[in-house]
Every structure is written in structure tokens, then in C-alpha cells.
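Worksheet: one structure, shown below.
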Amino acid sequence: MMSIKRMWKAGLAYIVLLIPTLFLLLGYAWLIIASFSSRTEGLKPVGWTLNNWRFLWESPFGSGYSNIWPATLNTLVMSLVMTAIVVVVASLAAYPLSRMKFAGRKGFLSLTLILHAFPSVTLLIPIYFVLLWIQKIPFIGNGIPLIGGFGYNTLGGVALVMVAFQLPFGIWVMKGFFDNISWDMERSAMIDGASRIKIWWQILMPNIKPGIAALSIFSFLTAWNAYIIPVTFTIGSTGHSSVLSVYLQNFISESVMTEWNAVAAVGLFQLVPVLLFFLFTQETLMNIYGGGKKGGV
Amino acid sequence: MKVTIEALCKLFGKVKAVDNLNLEIGDGEFVALLGPSGCGKTTTLLMLAGIYKPSSGQIRFGEQVVNHLIPKERNIGMVFQSYALYPHMNTFDNISYPLRLKKIPKKEISRRVHKVADMMGIGELLERKPAELSGGQQQRVAVARAVVKEPAILLFDEPLSNLDAKLRLRMRGEIKRLQESLGVTSVYVTHDQVEAMTMASRVAVMNFGVLQTYGTPNQLYDHPDTVFVAGFIGAPPMNFLEMRFEERDDGFYLGSQALEIRIPDERGAQARQNDVPQRVIMGIRPEDVSVVAEQDADFKAEVYLIEPLGREDLVTFRFNDEEIRALAPAPFMRRTGETIFLKLDKEKVHLFNPETKVSVLRSGNGGSS
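Structure (C-alpha cells):
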């Protein structure tokens, strides 16, 4: 008797979970169907075609524009630069916040929390001026190969702004992982004769690999999917610094009918790496909230 | 290396973790810091290690004041309760870490690591990661790492607390032998009085950050300075009874409603010299209480609880709403509720001032007995 009741309860839970999931799945189903058809009526495709995917080998907007690959490379570079800076800075900042006592530590911690909650849109205009100013600095502003520099209308500049918004979260996550490492291990290293920086690099960092991995993935995905910041701080949707989300915007204009099926295809294209990522890194991602001590590394 | 601690204090905010500690540890001596948790013993150890800075007072290694030296400059080895091994390094890398930091040549590192590992019986485990070692093996690695750099002082912070009882007994012996063979000055923190008594040449008992007494295990056991020490050292613990101290023409007497005993003259005289108050706390160890025939008895009591310990039985007796515990040869053939007769060994009676909790049997004023 009990088991039937229990089965009912479990079944009910699944039904409750299924309903919202269904809406999401329908969305993805439409995305896939639409990207391979010239028109859709609801979920029903009208005329299968690969035409929507032509951005892979040619410019869908006529000559003078490029296909999707430069934008993909830009997105990748921007995401990697942003991830690298976030991980290095966050772990260097989190270590003293976790381990040392100094004036203003608590204030700093609550400040980062507030920053994390800050809506980024409100800062767009002041940041614009900051980036313009950075651009005037020789080399650093706009002379670095690959990322362009750290000024306005460069990949580095976009990455820098992304870093600023991602850092509070990153610092808190890394601090959590440092907190989990026993004091004894650090004391032991001090007695063995290691300096603070050596302890950080040789003892602590290897032991928070799950944290580093998790933060990297989170940062990378945030950058990969970013729209507002890239679109604000780069010029032109097919400019030399445009990223995928900005490239996608080309399909939506006021003068020409929006090709929703092409939008679906580009959306799917941008989604694939993310899906693969999640598939292979799920376990590491769980670590970010699970503390990630046992069985990790 | 001789270690001198003078008027050492450590404050955490307003809490005095260590209060005016004075201690001298001879070269090559093995000293235990003993006390309940939160008594300041680990804080003291971490100050010796250089992890905590003293709030006031002085620590000297030999003649050198080390208050402001960082751990690296102190040439110490330390073993932690949690072992504190580096999980991402194998045994060899763990043990060699302090040597690698000193930039000692690789060949020399390898030689020293192998020597120490063989000494600790972990020569076969050098390739393994800490997670692949048992608790006892991890502890050995931790000890090896502490001694490999040939430190002037070895510090132990409850190193055996995480081991099971049997292993603890074995490691106890091994650490003691190791310390004796190396001849390194060692400080060993523990809350386990048996560990302290069996391993250390001298034991410093602490409570609430204050040093209670400092002496050899036998001194602490036979002549405890305070009620705290008397109750803390020895298992099962000492019995305490409130008594009346009386001097009569023919000698010194302790009395209560249930019993009256005459104590040896020299004990009574010593107590009188130390201004013994009328009401005193009498302490007597369970092994100094024995069951006798009625005509030899000091008083009678009722059997309340029998706890077999194997070689002996620990028996709790009740009389006049008071309890006294005795160690009786096993098996104890009486039943609970039976009335029996007890005798106290008067040569082993301890007397304490109930106000100051200090022994009135000390010779001279203050200092250890």
C-alpha cells in the first residue's frame, strides 16, 4: 500500500517538473525545425532547406560582409581572455579575503556582493567614457594584436568590462573554495618554509582545481552569451570586433523583413558549443555549489 | 635547543587564551602540554611555531628571542592532528617539500627522504597519494615530513587523536622512541592524560589559559598541586570528599558525618604549616580505597555500581549521599545494594584548600611540590 502511495508522489513530482520543461523543449524543437525549413506554421515545417545555414560558407547579407567565422573567432578570443583574467584575479583576490585579517576586509566583501547585484545597464554610459579614455593609451588602448587592445571598440575592451561584472561572483566562489581548505595545511606549508605566494600557488591552487574549473566554465559561458556589453562597446554588427550575439542582430532590421529561420539557425549555431560544454562539464559545475572537496581534484 | 617561555600572553579580542605562561623546556626534553579543550595549549604551540604572535611576553630558542621570527626562520617541524598532508602530492613529494623549498640538491633530498621514510616504515609508500594511505600511514608521513629537515624543535598538536585506540597505542610508542633516538627538543599537545604521562619527561597542565602545574608524571600523580590537576590526571579520577580538619593531642584527624580517620603526623604538620582551613577537600585515588573486614574498616558503604575493567573492577560506593569509587581486584564478588566496609590508605590522602583549590601538603610556599 505504502509503495503505491510513494509511487504516486514521485509520479506527481515528475509531472510538475515535466510541464515547465515541456515549454522549454518546445522552444528548442522549434529552433531546430525552423533552422532547416524555409517557413514554419507553428511547429510544422514548410519546405526543408539548408539555405538558413548559408552563413557558414558565405555572407548572408551580400558582398562586403563576412560569413560567421570571424565573429565566432572573436567570441572565442573575447571569452577566453575574459575567463583567464577572471580566474587569475578572482583567485588572487579571494585568497587574502579568505585567509588574512586586514582592515576593510568585511567592507570589501559586502561591497563585492552589492556589485554583484548591481544592474550592469546603469553603468554603460560611464564605462563608455572609461573605454574611450583607455583607447588613448598607446598600445594598450588599441595596439595589441588579436584582441585589439583594451579600449573602445576592441575585443579586449569588451572582455575587460565583462571581467568587471563577473569578478564579484568569481571572488565569492573562489573564496568559498579557499575557505574549505584546512588551516592546518597552510600552517604546515608555512612551517615547511613556503612563502605566502608559494602557498597560494603550490599548495592551495592545486587543491581547488574543481573551483577553478567551475569558475572558468561559468565565466566562459557568460562571455559567450553576452550581448548588451559587446553591442554597446563595439561599432557595427559586422565590424572587426563583433561577436556572435552581435552578428545575430544583422538579421533583424527595420528595412528588411526579418528572416526568423536564419535567426534560428544562427541561434542554434551559437548554442551548440554551450550544449556540448554542459554535457561534458556537468559534474564540475555541480562543484561550485557543492563545495567540491571530497573526491575532487 | 633549550626553549624558554616567559610571561607569555595571548589575547583574542578580550579573551585571554594564554595568561602569563612561564615554562622552561630543556635541550632534548619531551614536554607535554596537557589540558581540556580550550585551555590554551594549542595556542601556546602555535606561538612556538610562529603562526600566532604573542600579545606580550617572550619566547626564546636557546638564547635567541624568536617572538618576531616567521615560522620559516625558526627551524621547527610540526605534526598536526589532521596530518595536514598535501593531497595533490605523493608521499615522496610531501616529505621532500620542506627540503625542496630550501633548494637542497636533488640527490641529497632523495637520500634524506628515503632514510626518514625507512625509519618510519613507509619506504614502500613513496609513490602513493595521501588519499591512498590509511590513517596510521598518513600520520607516519606527517611525522616523516616534520623530522626530515632535521629541526631544532619538534611540535606535536594532538597527533594521535584521529587514530583508533590500538593504533594510537602503537604510534605513542613509536613517537616516543623516535624522539629519544633523535634527541630533539619536543613539545607535545594533548588532552589525553595517559598520552602525556606515558610519553613526556615533564608535563605542563593548563586550564583556562593558566599553567596549573609543571612536573614529572610521577610528581603530578603523587603530589598534585591543585584540585584541577588531581582530578585531571589519573583514570579513573581521584575521589574528592569534604572533610573537617582537626588537630588533637594525639595527632591530626579528618572527619565527616560518616567517617573519621587519623592521617600521618608529617602530613598533618605540613598542612598546619600551610595554614590549613577547618574545612578541607580530601582527595583519594580509587586504588587507595580498599574493601576490608568490619574490624579494620574506616567506614561502611553500599555497593552502587560495578564496572569491570578487566584486570580490576571499578566499584562505586554510596554513603550518606556521597559517592566514592574504588578499584577492586576482579572479579568483585559483591552485589549492588550490599553493605561493605572500606578503608582508606592514609599515606595517600591529599588535602586541598576549598577556597584556593590549592594543595595544603606542598612543602614550602608556592612552586611545584
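Chains Y and S, in that order, give the protein sequences. Quick note, our numbering runs 139 ahead of the 1-based positions in the first sequence. Just so it is clear: in the second sequence, position 351 is 344 by our numbering, and no numbers are missing. All residues carry an ideal CB built from backbone N, CA and C; glycine is no exception. All values reported here derive from a predicted model rather than from experimental measurement.
If I follow the unbroken alpha helix (DSSP H) through Gly221 of chain S, where does it start and stop? According to the sequence as given, residue 221 of chain S is Phe; it is not Gly. Counting along the chain, the alpha helix (DSSP H) containing Phe221 of chain S begins and ends at Val220 to Phe225.
Thinking just about the alpha-carbon of each residue, which of S:Asp185, S:Thr178 and S:Met82 is nearest to the one in Arg161 of chain S? S:Asp185
Under the assumption that Ala363 of chain S contacts Met71 of chain S (Cβ atoms under 8 Å), give the Cβ distance between them as a whole number of angstroms. The displayed coordinates of chain S run from -6 to 362. Any statement about residue 363 of chain S would go beyond what the structure contains.
Cβ closer than 8 Å: which chain S residues qualify as neighbours of Arg326 of chain Y? Leu39, Ala42, Ile44, Pro64, Met71, Phe73 and Ala77
Give the range of the alpha helix (DSSP H) segment to which Asn213 of chain Y is assigned. Trp208 to Arg238
Met329 of chain Y at chain S interface by Cβ criterion, 8 Å: yes
Within 10 angstroms of its Cβ, does Asp218 of chain S collect 16 or more other Cβ (buried), or is it exposed? buried
In the DSSP assignment, what are the bridge partners of Tyr51 of chain S? Residue identity differs from the one stated: residue 51 of chain S is Gln in this sequence, not Tyr. S:Glu(-1), per the DSSP bridge assignment.
Take Asp111 of chain S as the anchor and find which of S:Met326, S:Leu94, S:Arg133 and S:Lys100 has the nearest alpha-carbon. S:Arg133
Taking the beta carbon of Pro29 of chain S as the centre, do at least 16 other beta carbons fall within 10 Å, making it buried, or is it exposed? exposed
For Gly280 of chain Y, which three-state DSSP category applies? coil
What separation, rounded to the nearest whole angstrom, lies between the Cα atoms of Asn319 of chain Y and Val220 of chain Y? 28 Å
Report all residues from its chain with a CB closer than 8 Å to the CB of Gly176 of chain S; omit the five preceding and five following residues, and keep chain order. Gly21
Quick check on the burial criterion: 16 or more other C-beta atoms within 10 angstroms. Buried or exposed for Phe268 of chain Y? exposed
In the DSSP assignment, find the alpha helix (DSSP H) that holds Pro369 of chain Y and state where it starts and stops. Ile367 to Phe372
If I measure Cβ to Cβ from Ile277 of chain S and keep anything under 8 Å in the same chain, skipping five residues before and after, which residues do I get? Met231, Asn232, Leu234, Ile317, Leu337, Asp338, Lys341, Val342 and His343
Quick check on Arg265 of chain S: buried or exposed, where buried means 16 or more other Cβ atoms within 10 Å of its Cβ? exposed
Answer with yes or no whether the minimum CB distance from Tyr90 of chain S to chain Y is below 8 Å. yes
Have a look at Gly150 of chain Y and Val227 of chain Y and give me their C-alpha separation to the nearest angstrom. 46 Å
At which residues does the beta strand (DSSP E) containing Gly208 of chain S begin and terminate? Val203 to Gly208
Are the region 235 to 251 of chain S and the region 186 to 193 of chain S touching, with three or more C-beta to C-beta distances below 8 Å? no
Looking at C-alpha atoms only, which residue of Y:Thr420, Y:Phe408, Y:Leu414 and Y:Lys314 is the closest neighbour of Trp208 of chain Y? Y:Phe408
Just to confirm my understanding: we take Met217 of chain Y, look at its own chain, exclude 5 residues before and 5 after, and list those with CB closer than 7 Å. What are they? Leu294, Val297, Ala298, Ala362 and Val382
Counting contacts by CB-CB distance shorter than 8 Å, is Lys99 of chain S in contact with chain Y? no
Contact check, Gln250 of chain S vs Asn313 of chain S under 8 Å by CB: the rounded distance? 5 Å
Under 9 Å (Cβ pairs) to chain Y, residues found in the region -6 to 10 of chain S: none
Taking 8 Å as the threshold (beta carbon to beta carbon), is Lys390 of chain S in contact with chain Y? With chain S running from -6 to 362 in the structure shown, residue 390 of chain S is simply not present.
Taking 8 Å as the cut-off, decide whether the C-beta atoms of Gln321 of chain S and Glu331 of chain S are in contact. A small correction: the amino acid at residue 321 of chain S is Ala; Gln does not occupy that position in the sequence shown. In this structure, Glu331 of chain S does not lie closer than 8 Å to Ala321 of chain S by Cβ.
Taking the straight line between their C-alpha atoms, what separation do you get for Gly33 of chain S and Ala139 of chain S? 23 Å
Closer than 8 Å to chain S by CB, Ile336 of chain Y: no
Please report whether the beta-carbon of Ser352 of chain S lies at a distance below 8 Å from any beta-carbon of chain Y. no
In the DSSP assignment, find the unbroken alpha helix (DSSP H) run with Ala294 of chain S in it and report its ends. Here Ala294 of chain S belongs to no alpha helix (DSSP H); instead the beta strand (DSSP E) covers Phe292 to Pro301.
Relative to the C-alpha of Val225 of chain Y, which residue among Y:Tyr366, Y:Leu195 and Y:Ile351 is closest? Y:Ile351
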